[in-house]
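Trainee: The sequence shown maps to residues 7 to 364 in my numbering.
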Amino acid sequence: MNKIAIIFLLCAGAEAQTRVNQIQVIGSHNSYHAGLPPSANAWLTRLNPKSADSLDYQHPSLDAQFDAGVRQVEIDIFADAQGGRFAHPANLKLIADEGLPADPPFDPGGLFQKPGFKVMHVQDIDYRSNCQPFTGCLETILKWSKAHPRHLPIFVLIETKEGKSRPFQQETEHFTPAVFDDLDKEIRSVFDASRMIVPDDVRGHHATLNEAVLVGAWPALDAAKGKVIFLLDQRKAEVDYVAGHPSLRGRVIFTNAEPGAPDAAFTEVNDPLKDPALIPSLVKKGYLVRSRTDADTAQGRTGDTRMRDAAMASGAQILSSDYYFKEKSKWTGYSVSFQNGAIARCNPVTSAAKTCGL
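1) Between which residues of its own chain and L364 is the CB-CB distance below 6 Å, once the five residues before and five after are set aside?
2) Enumerated in chain order, which unbroken segments of the beta strand (DSSP E) with a length of 3 residues or greater are wholly contained in the stretch 307–361?
3) Measure the alpha-carbon distance for D302 versus H211 and round it to whole angstroms.
4) Just tell me which of E168, L238 and T182 has its CA closest to the CA of T273.
5) Under three-state DSSP, which class holds E165?
6) Residue ranges of each beta strand (DSSP E) run of no fewer than 3 residues wholly in the stretch 207–261, ordered along the chain?
7) Around the C-beta of F174, are 16 or more other C-beta atoms found within 10 angstroms, so that it is buried, or is it exposed?
8) Looking at the structure shown, is V31 part of a helix, part of a strand, or coil, going by DSSP?
9) Is the number of C-beta pairs between the stretch 57–77 and the stretch 26–33 that are closer than 8 Å three or more?
10) Please list the segments of the beta strand (DSSP E) lying wholly inside the stretch 61–134, counting only runs of 3 or more residues, in order along the chain.
11) Do you know whose CA, among W150, F92 and I235, lies nearest I324's CA?
12) Is the CB-CB distance between L215 and P205 below 8 Å?
13) For my contact list, A87 and P121 are in at a C-beta cut-off of 8 Å; report their separation, rounded to the angstrom.
14) With DSSP run on the structure shown, which of helix, strand or coil describes T273?
15) Would you be able to state if there are at least three C-beta pairs under 8 Å between the stretch 39–59 and the stretch 132–148?
16) Report yes if the CB atom of I160 is closer than 8 Å to the CB atom of V125, and no otherwise.
17) So is A322 in contact with chain D if we call contact Cβ pairs under 8 Å?
18) Please look up how many angstroms separate the CB atoms of L50 and S57, rounded, as I've assumed it's under 8 Å.
19) Pull up the distance between the alpha-carbon of R201 and that of A46, whole angstroms please.
20) According to DSSP, which residues form a beta bridge with H39?
21) Within its chain, find whatever has a CB closer than 7 Å to the CB of C143; leave out the 5 residues flanking it on each side and keep chain order.
22) Helix, strand or coil for V295, going by three-state DSSP, please let me know.
23) Do A230 and V26 count as a contact pair if the criterion is CB distance below 8 Å?
24) List the DSSP bridge partners of R25.
25) By DSSP, does I160 sit in helix, in strand, or in coil?
26) Alpha carbons only, please: which of R257, P66 and L53 is nearest the one belonging to E412?
27) What number of angstroms, rounded off, separates the C-alpha of R194 from the C-alpha of V258?
28) Hey, quick one: how far does the alpha helix (DSSP H) through G145 stretch, first residue to last?
29) Taking C-beta to C-beta, are D113 and P43 nearer than 8 Å?
30) In angstroms with no decimal places, state the Cα-to-Cα distance between G250 and L106.
31) Going by the CB atoms, is the gap between G90 and F118 shorter than 8 Å?
32) In terms of residues, what are the limits of the alpha helix (DSSP H) holding A48?
33) Please report the distance separating the alpha-carbon of P225 from that of V208.
As structure tokens, then:
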């Protein structure tokens, strides 16, 4: 057997043994965020300078992010069952009242008039997205996935948005179990079962999802290539999403669950500095963990790498950043990347081997 064949067999063997939760990837935070246009930014700066500073970032299209190496995206959604709920943002009038020029139209195609989940950060304030509506974002992901059939699994983090902080903002719809049924339907309308890894796939014959992950039931990396894994961001949404679906039976999305709960497979520890021992302990048990390397543009402005370095060393499988690979901070050049431009690496906590099929 020649040397090339031996190397191929070794790599194939590593892929077969390595599990989805035994690698580490870099993701983008609020991946849809197109940024504030000039007048909206000027208006918000007058209203709340700190808030305007925290929103001073933007991302290219989802497919461009995947091309750059991103393997986790985050999409914020608002329920809009009838359509039109968010079609007339209040800040458009407030901007005009300030004597500021009108920004470019935010919805030239009239998508906000149609029923379905909408993608935005804050209603009436920060609502421009690089993909719209939610199914449009999913279609972009699917198209890229089909064009790259052996890609590492893509994690799609979904944050369900509710409530308002200012009187002028539109009331939101509550995410009830029925609304979550609609969310699953929208996902399934774009992605068929063969292109996703869902909780039923991981649970298998085990009584609960938590039991399965504690015995190493995440699928092999090789079997997960070309697929998408959906994750739910907010823990408060867990109760309504699990209702009627014990241990996430029949559901599409993995909840952000308290470790030890029946539906626990994925959890978030967004601040890796608060308890440095927590994330490694969860990763060793088999949980999939998302952590953040920076937040609210703070690290981008100061260049402080402590949060980034702690998250990377922790073994959190998903590292979320506003500044990934070549998308560097405009203030300091801060960014998050692996050595030699790799898009993923063997997990520093769970993988002792130098190669894990990557």
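Yeah, the Cβ is synthetic: ideal placement off N, Cα and C, and Gly gets one too.
Mentor: Let me lay it out:
1) The residue given as residue 364 occupies position 358 in the sequence shown. Cβ neighbours of L364 within its own chain (closer than 6 Å, five residues either side excluded): A350.
2) For the stretch 307–361, whole beta strand (DSSP E) runs of length 3 or above, ordered along the chain, are 324–327 and 350–352.
3) On the sequence shown, position 296 is the one that residue 302 refers to. On the sequence shown, position 205 is the one that residue 211 refers to. Approximately 42 Å between the Cα atoms of the pair.
4) To locate residue 273, count along the sequence shown from 1; it is residue 267. Nearest option by C-alpha distance: L238.
5) Along the sequence shown, read from residue 1 onward, the residue named residue 165 stands at position 159. Residue state for E165 is assigned as strand, using DSSP reduced to three classes.
6) Annotation note: the stretch 207–261 contains the following uninterrupted beta strand (DSSP E) runs of length 3 or greater, listed N- to C-terminal: 234–238.
7) Counted from its first residue, the sequence shown places residue 174 at position 168. Residue burial annotation: F174 is exposed, with fewer than 16 other C-beta atoms found within 10 angstroms of its C-beta.
8) Here residue 31 corresponds to residue number 25 of the sequence shown, with the count starting at 1. The answer is strand: DSSP assigns V31 an E or B state.
9) Because the criterion of three Cβ pairs below 8 Å is met, the stretch 57–77 and the stretch 26–33 touch.
10) Whole beta strand (DSSP E) segments, 3+ residues: 78–84.
11) As a first step, residue 324 is located in the sequence shown; it is residue number 318 there, counting from the start. The shortest C-alpha separation from I324 is found at I235.
12) Start at 1 with the first residue of the sequence shown, and residue 215 comes out as number 209. Start at 1 with the first residue of the sequence shown, and residue 205 comes out as number 199. Yes, the Cβ-Cβ distance between L215 and P205 is below 8 Å.
13) Translated into the one-based positions of the sequence shown, residue 87 becomes position 81. Translated into the one-based positions of the sequence shown, residue 121 becomes position 115. Between A87 and P121 the beta-carbon gap is near 6 Å, inside 8 Å, which marks them as a contact.
14) Locating residue 273 in the sequence shown gives position 267, counting from the first residue. Strand at T273.
15) Cβ pair count under 8 Å is three or more, so yes.
16) Start at 1 with the first residue of the sequence shown, and residue 160 comes out as number 154. Start at 1 with the first residue of the sequence shown, and residue 125 comes out as number 119. Against a cut-off of 8 Å, the Cβ pair of V125 and I160 comes out as no contact.
17) Any reference to chain D falls outside this structure, which holds one protein chain only.
18) Stepping through the sequence shown from its first residue, residue 50 is reached at position 44. Stepping through the sequence shown from its first residue, residue 57 is reached at position 51. Contact holds; Cβ gap of about 6 Å.
19) By one-based count along the sequence shown, residue 201 stands at place 195. By one-based count along the sequence shown, residue 46 stands at place 40. Whole-angstrom Cα-Cα distance: 39 Å.
20) Mapped onto the sequence shown, residue 39 falls at position 33. When beta bridges are read from the DSSP output, H39 appears opposite S135.
21) Locating residue 143 in the sequence shown gives position 137, counting from the first residue. So the qualifying residues of the chain are Y38, L68, I81, V125 and C137.
22) Taking the first residue of the sequence shown as position 1, residue 295 is located at position 289. Under the three-state reduction of DSSP, V295 is assigned to strand.
23) Reading the sequence shown from its first residue, position 20 is the one you call residue 26. Reading the sequence shown from its first residue, position 224 is the one you call residue 230. A distance below 8 Å separates the beta carbons of V26 and A230.
24) Taking the first residue of the sequence shown as 1, we reach residue 25 at position 19. Per DSSP, A226.
25) What you label residue 160 is simply residue 154 of the sequence shown in a count that begins at 1. Three-state result, I160: strand.
26) Coverage of the chain is limited to positions 7 through 364, which leaves residue 412 absent and any answer about it impossible.
27) Numbered from its first residue, the sequence shown carries residue 194 at position 188. Numbered from its first residue, the sequence shown carries residue 258 at position 252. Distance from the CA of R194 to the CA of V258, rounded to the nearest whole angstrom, comes to 8 Å.
28) The count along the sequence shown starts at 1 and reaches residue 145 at position 139. The amino acid occupying residue 145 in the given sequence is Glu; Gly does not appear at that position. Residue range F140 to A153 is occupied by the alpha helix (DSSP H) that includes E145.
29) Position 107 of the sequence shown, counting from 1, holds the residue named residue 113. Position 37 of the sequence shown, counting from 1, holds the residue named residue 43. Cβ distance not < 8 Å, so D113 and P43 don't count as in contact.
30) For the purposes of this step, residue 250 is taken as residue 244 along the sequence shown, with counting starting at 1. For the purposes of this step, residue 106 is taken as residue 100 along the sequence shown, with counting starting at 1. Answer to the nearest angstrom: the Cα atoms are 50 Å apart.
31) Position 112 of the sequence shown holds residue 118. Position 84 of the sequence shown holds residue 90. For F118 and G90, yes; Cβs fall inside 8 Å.
32) Position 42 of the sequence shown, counting from 1, holds the residue named residue 48. Where A48 is concerned, the enclosing alpha helix (DSSP H) stretches over P44 to L53.
33) One-based indexing of the sequence shown puts residue 225 at position 219. One-based indexing of the sequence shown puts residue 208 at position 202. Approximately 7 Å between the Cα atoms of the pair.
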